[in-house]
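For the sequence shown, the numbering used here gives the first residue as 163, with consecutive numbering after it. The C-beta atom is built at its ideal place from N, Cα and C for all residues, glycine as well. This structure is a prediction, so every number in the text was calculated from the model and none was measured.
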Amino acid sequence: MSLRILAIGKKHESWVAEGIERYGKRMKKPFDVSWLLLPHSAREGDAARAEESERILSKLGPQDFLVLLDERGKNIDSPTLAATLQRPLDTSRTITLVIGGAYGVDASVHQRADFVWSLSKLVFPHQLVRLILAEQLYRAQEIAGGRPYHHV
Numbered sequence: 163m164s165l166r167i168l169a170i171g172k173k174h175e176s177w178v179a180e181g182i183e184r185y186g187k188r189m190k191k192p193f194d195v196s197w198l199l200l201p202h203s204a205r206e207g208d209a210a211r212a213e214e215s216e217r218i219l220s221k222l223g224p225q226d227f228l229v230l231l232d233e234r235g236k237n238i239d240s241p242t243l244a245a246t247l248q249r250p251l252d253t254s255r256t257i258t259l260v261i262g263g264a265y266g267v268d269a270s271v272h273q274r275a276d277f278v279w280s281l282s283k284l285v286f287p288h289q290l291v292r293l294i295l296a297e298q299l300y301r302a303q304e305i306a307g308g309r310p311y312h313h314v
């Protein structure tokens, strides 16, 4: 059991990779994180969305707890995120978090998602979302462990 992030797009830019590595070194089981970057489609619009969604679904296990990042998802605070992630970890499920491509994901991924999460009503560049996600997962780990990183 662990956390896995599937992201559509190119490799992490150096400033993002540095930040992700910083938080990654602090992560401990079951909150250790692995990344799988899937190439974006050469198509556009609906065709790109469908192709990328198919790639995402092909990488999911049947028991994966899927968290889809989407600006139309539920906006939650960090303690709620920690609790949301802890439940599947308590039942030994792998958590897969998905960052879709520029056109988002299609209905098939939304239907497969166990939780649709919005970081914000704002839209962020994909590289920045990766870094924010890495920090929030570290924060969730610390909250779940009762450590003082998160101040209320």
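From the options, residue whose alpha carbon lies closest to that of residue i
i	options	result
Ala-210	Gln-225, Arg-255 and Gly-266	Gly-266
Lys-173	Gln-298, Leu-165, Leu-290 and Phe-227	Leu-290
Val-278	Val-260, Phe-193 and Glu-175	Val-260
Gly-207	Glu-304, Asp-268, Leu-284 and Leu-200	Asp-268
Leu-200	Lys-283, Gly-171, Ala-179 and Thr-242	Gly-171
Glu-304	Gly-181, Ser-176, Lys-191 and Trp-177	Lys-191
Cβ-Cβ distance between residue i and residue j below 8 Å
i	j	result
Ala-244	Ala-306	yes
Gly-223	Thr-256	yes
Ala-264	His-202	yes
Val-195	Leu-230	no
Ser-215	Gln-298	no
Leu-247	Ala-212	no
Pro-250	Phe-286	no
Ile-238	Val-271	no
Arg-397	Tyr-300	As displayed, the chain neither begins before 163 nor continues past 314, which places residue 397 out of reach and without an answer.
Buried versus exposed call for residue i [16 or more other C-beta atoms within 10 Å across all chains shown]
i	result
Asp-232	buried
Tyr-311	exposed
Gly-154	Outside the displayed span of the chain (163 to 314) sits residue 154, for which this structure offers no information.
His-288	buried
Leu-293	buried
Trp-197	buried
Inter-residue CB distance, residue i and residue j (contact presumed, cutoff 8 Å)
i	j	result
Leu-281	Lys-221	With 8 Å as the limit, Leu-281 and Lys-221 do not qualify as a contact, their Cβ atoms being about 22 Å apart.
Counterpart residues of residue i in DSSP-defined beta bridges
i	result
Lys-236	Trp-279
Leu-200	Ile-170
Gly-266	Gly-263
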